[in-house]
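**Student:** The sequence shown begins at 2 in the working numbering and counts up by one. By construction, the Cβ of each residue, glycine as well, lies at the ideal position given by its N, Cα and C atoms.
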Amino acid sequence: MQRIKPLVSVAFQRCSDLQQAKTNLRNYAPTGGDLSLVREYVLNPFVYEPLMKFVPLSVAPNVITVAGYICLWISVIITYIHCPTFSETIPNWVFVVNAICLFAYQTLDNMDGKQARRTKTSSPLGELMDHGVDAVATTLCAISWICACKQGTTLVSYLICLIGYIPFIFATLEEYYIGGLYLGKFNGPIEGLLGFIIMQLLGGIFGHQFYQTKVFGLAPLWALFSGLTAFGSIFASIENIMNIRAKINENKKSKVENKDSALDEQQRSPCFETNFHKSLLPAIPFFILLGSFFTFVMVDRETVQRYPYLTLFSMAIGFGYLASNLTLAFLVKKPLALFSMMCIPSVLLMLNAWTGHSLVSGFYALLLCAVATFLIYGNYVLSVCDDICNALDINVFFLPTNKRD
Numbered sequence: 002m003q004r005i006k007p008l009v010s011v012a013f014q015r016c017s018d019l020q021q022a023k024t025n026l027r028n029y030a031p032t033g034g035d036l037s038l039v040r041e042y043v044l045n046p047f048v049y050e051p052l053m054k055f056v057p058l059s060v061a062p063n064v065i066t067v068a069g070y071i072c073l074w075i076s077v078i079i080t081y082i083h084c085p086t087f088s089e090t091i092p093n094w095v096f097v098v099n100a101i102c103l104f105a106y107q108t109l110d111n112m113d114g115k116q117a118r119r120t121k122t123s124s125p126l127g128e129l130m131d132h133g134v135d136a137v138a139t140t141l142c143a144i145s146w147i148c149a150c151k152q153g154t155t156l157v158s159y160l161i162c163l164i165g166y167i168p169f170i171f172a173t174l175e176e177y178y179i180g181g182l183y184l185g186k187f188n189g190p191i192e193g194l195l196g197f198i199i200m201q202l203l204g205g206i207f208g209h210q211f212y213q214t215k216v217f218g219l220a221p222l223w224a225l226f227s228g229l230t231a232f233g234s235i236f237a238s239i240e241n242i243m244n245i246r247a248k249i250n251e252n253k254k255s256k257v258e259n260k261d262s263a264l265d266e267q268q269r270s271p272c273f274e275t276n277f278h279k280s281l282l283p284a285i286p287f288f289i290l291l292g293s294f295f296t297f298v299m300v301d302r303e304t305v306q307r308y309p310y311l312t313l314f315s316m317a318i319g320f321g322y323l324a325s326n327l328t329l330a331f332l333v334k335k336p337l338a339l340f341s342m343m344c345i346p347s348v349l350l351m352l353n354a355w356t357g358h359s360l361v362s363g364f365y366a367l368l369l370c371a372v373a374t375f376l377i378y379g380n381y382v383l384s385v386c387d388d389i390c391n392a393l394d395i396n397v398f399f400l401p402t403n404k405r406d
């Protein structure tokens with residue numbers, strides 16, 4: 002099947018040795034692990050494994066990944082219809098549908114890897130697609146909770162997205178430096194998401210007023226739950242950072258011990274870092290992007306109130322692009338960038354709002370930002386699919402003939 006070609010090929014940008022980058026893709030082997038207790042003792046034996054029996058061997062893992070992504074969009078569309086400004090009262094059944102869609106996404110997100118191992122078709126493209134979808138999904142998953150909180154288009158609603166953003170940034174950085182993505186016994190993708198699913202189900206049972214119930218007369222339930230999950234996100238991020246620091250100390254020791262010998266393959270890799278502060282600098286583009294959007298939300302209240310979803314989707318796609326680029330850099334072993342062209346639309350949007358719409362009106366500035374963001378991301382997706390498929394002689398959504406039996 003003929004693939005759609007990108008306008009600009011970007012998958013191997015910043016690769017000093019193109020052939021080595023392609024070799025790194027060919028030498029790909031799945032790394033990392035999920036130590037979640039709930040996944041191990043509940044979801045795996047009672048949900049994932051039984052469902053895998055109904056998945057034909059002819060189904061490509063990426064099809065399962067996209068199916069989970071579609072489930073999230075179903076939730077988003079239904080939520081948008083009933084809560085277009087993040088402040089409307091949502092019918093109980095919408096909370097139930099959101100819970101079902103979130104659980105379906107989580108389930109399919111775990112099943113795609115099982116299908117890849119089952120069909121022996123694990124590939125860097127599969128990992129990149131899985132992580133790329135997860136990066137955008139952090140925002141899509143947050144939408145149902147944002148509407149449950151009923152804080153409207155205030156900065157609080159957008160800050161809720163940080164619950165997923167911050168740990169995602171540092172977990173992906175950790176993957177780049179230590180060589181794999183490792184999730185603990187209690188982690189966001191399993192226990193964290195299950196927490197939000199349970200809260201949606203409770204909203205379906207007791208109604209939207211349930212989230213406004215004051216706990217011990219202190220604060221509404223939505224605020225306490227958001228604070229608790231935010232604390233978990235911060236704790237996970239600190240753990241990621243400490244793991245990076247430990248790896249860098251290990252690298253320093255290794256470099257000293259081998260200073261008189263030729264550099265081995267690991268030390269020649271851009272992923273081999275010996276400066277802790279330098280290792281965190283690639284997070285800068287994320288904070289430029291998010292800082293620009295948060296500033297826009299605070300400054301241009303009229304535009305944000307009229308187009309909250311367009312603002313959120315633009316931020317989601319920008320974040321997804323940056324996070325996916327970290328994973329791509331890990332897979333091809335290329336240096337991380339300290340700035341991204343994806344930051345330009347959001348920075349211009351912020352500056353336009355800050356200067357009182359000196360260039361164009363708020364709506365057109367947001368629209369231009371959204372269009373530019375989607376074009377950059379769309380070209381990136383097409384380029385990654387085309388370049389990696391050509392390098393590995395694989396297809397995005399179809400298994401090789403010899404893998405279908």
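1) Can you name the start and end residues of the alpha helix (DSSP H) that I167 belongs to?
2) Which stretch, first to last residue, makes up the alpha helix (DSSP H) that contains D110?
3) Measuring straight from C-alpha to C-alpha, what distance separates A263 and P271?
4) Going by DSSP, what residues sit across from V216 in a beta bridge?
5) I'd like to know whether the C-beta atoms of L291 and L163 end up nearer to each other than 9 Å.
6) Hey, out of E192, Y365, E258, S359, whose CA is closest to L44's CA?
7) Just tell me which of K254, A117, T86, T140 has its CA closest to the CA of K151.
8) Could you please give me the residues that DSSP links to D301 through a beta bridge?
9) What beta strand (DSSP E) runs, 3 residues minimum, are completely inside the region 323 to 386?
10) According to DSSP, is L19 part of a helix, a strand, or is it coil?
11) State the beta-bridge partners of L184 as determined by DSSP.
12) Between L350, S362, S238, which lies nearest to A373 when the distance is taken from Cα to Cα?
13) Near L203, which residues of its chain fall below 7 Å by C-beta distance, leaving aside the five closest residues on each side in sequence?
14) So does the region 298 to 312 actually touch the region 249 to 256, counting three or more Cβ pairs closer than 8 Å?
15) Does the region 334 to 352 come into contact with the region 282 to 301, if we say contact requires no fewer than three beta-carbon pairs (one atom in each stretch) closer than 8 Å?
16) Taking Cβ positions, are N407 and A237 nearer each other than 9 Å?
17) Going by the CB atoms, is the gap between D388 and F47 shorter than 9 Å?
18) May I have the straight-line CA-CA distance separating I318 from L184, to the nearest angstrom?
19) Apart from the five residues just before and just after L222, which ones in its own chain have a Cβ nearer than 8 Å to its Cβ?
20) From L26 to T230, what does the alpha carbon distance come to, in whole angstroms?
21) Under 9 Å, do P401 and A338 count as touching if we go by C-beta distance?
22) Are the region 321 to 341 and the region 119 to 134 touching by the rule of at least three beta carbon pairs closer than 8 Å?
23) Okay, do the region 98 to 107 and the region 50 to 60 touch, 3+ Cβ pairs below 8 Å being the bar?
24) Suppose the cutoff is 7 Å on Cβ atoms and the five residues either side in sequence are ignored; what does the same chain contact list for E274 look like?
25) Quick one, which of L126, A61, H209, F320 has its alpha-carbon nearest A392's?
26) Can you tell me the Cα-Cα spacing of L360 and A354, whole angstroms?
**Tutor:** A quick look at the data gives this:
1) As a working note, residue 167 is residue 166 in the sequence shown. 163 to 179 is the span of the alpha helix (DSSP H), which, as asked, contains I167.
2) By one-based count along the sequence shown, residue 110 stands at place 109. 93 to 120 is the span of the alpha helix (DSSP H), which, as asked, contains D110.
3) Residue 263 sits at position 262 when you count from the first residue of the sequence shown. Residue 271 sits at position 270 when you count from the first residue of the sequence shown. Reliability of the predicted coordinates at A263 is poor, the pLDDT of 47 falling under 50, and no value is obtained from them.
4) Counting from 1 along the sequence shown, the entry for residue 216 is found at position 215. In the DSSP output, where bridge partners are listed per residue, V216 has A220.
5) Here the question's residue 291 lines up with position 290 in the sequence shown. Here the question's residue 163 lines up with position 162 in the sequence shown. Cβ atoms of L291 and L163: closer than 9 Å.
6) Here residue 44 refers to the residue found at position 43 when the sequence shown is read from its first residue. Nearest option by C-alpha distance: E192.
7) Here the question's residue 151 lines up with position 150 in the sequence shown. Among K254, A117, T86, T140, the Cα nearest to that of K151 is on T86.
8) Against the sequence shown, residue 301 aligns to sequence position 300. Beta bridge pairing from DSSP links D301 with no other residue.
9) none
10) Translated into the one-based positions of the sequence shown, residue 19 becomes position 18. DSSP places L19 in helix when its eight states are reduced to three.
11) One-based indexing of the sequence shown puts residue 184 at position 183. D35.
12) By one-based count along the sequence shown, residue 373 stands at place 372. It is L350.
13) Here residue 203 refers to the residue found at position 202 when the sequence shown is read from its first residue. Counting only Cβ-Cβ distances below 7 Å, and skipping sequence neighbours, we find F211.
14) no
15) yes
16) Since the first residue of the chain shown is 2 and the last is 406, residue 407 is not available in this structure.
17) Taking the sequence shown and counting its residues from 1, the one referred to as residue 47 is at position 46. Taking the sequence shown and counting its residues from 1, the one referred to as residue 388 is at position 387. Going by C-beta atoms, F47 is not nearer than 9 Å to D388.
18) Residue numbering aside, residue 318 sits at position 317 when the sequence shown is read from its first letter. Residue numbering aside, residue 184 sits at position 183 when the sequence shown is read from its first letter. Rounded to the nearest whole angstrom, the C-alpha separation of I318 and L184 is 24 Å.
19) Looking up residue 222 in the sequence shown gives position 221. Counting only Cβ-Cβ distances below 8 Å, and skipping sequence neighbours, we find F211, Y212, Q213, T214, K215, V216.
20) Counted from its first residue, the sequence shown places residue 26 at position 25. Counted from its first residue, the sequence shown places residue 230 at position 229. C-alpha separation (whole angstroms): 36 Å.
21) Along the sequence shown, one-based indexing puts residue 401 at 400. Along the sequence shown, one-based indexing puts residue 338 at 337. No; because the gap between Cβ atoms is not below 9 Å, this pair is not in contact.
22) At 8 Å Cβ cutoff, the stretches touch.
23) By the C-beta criterion, the region 98 to 107 is judged not to be in contact with the region 50 to 60, since fewer than 3 inter-stretch pairs fall below 8 Å.
24) Here residue 274 refers to the residue found at position 273 when the sequence shown is read from its first residue. Beyond the five residues adjoining it in sequence on each side, E274 comes within less than 7 Å, by CB distance, of Y178, I249, N252, S280 in the same chain, given in chain order.
25) Start at 1 with the first residue of the sequence shown, and residue 392 comes out as number 391. Measuring from the Cα of A392, the nearest candidate turns out to be L126.
26) Position 359 of the sequence shown, counted from the first residue, corresponds to residue 360. Position 353 of the sequence shown, counted from the first residue, corresponds to residue 354. Cα-Cα distance, rounded: 9 Å.
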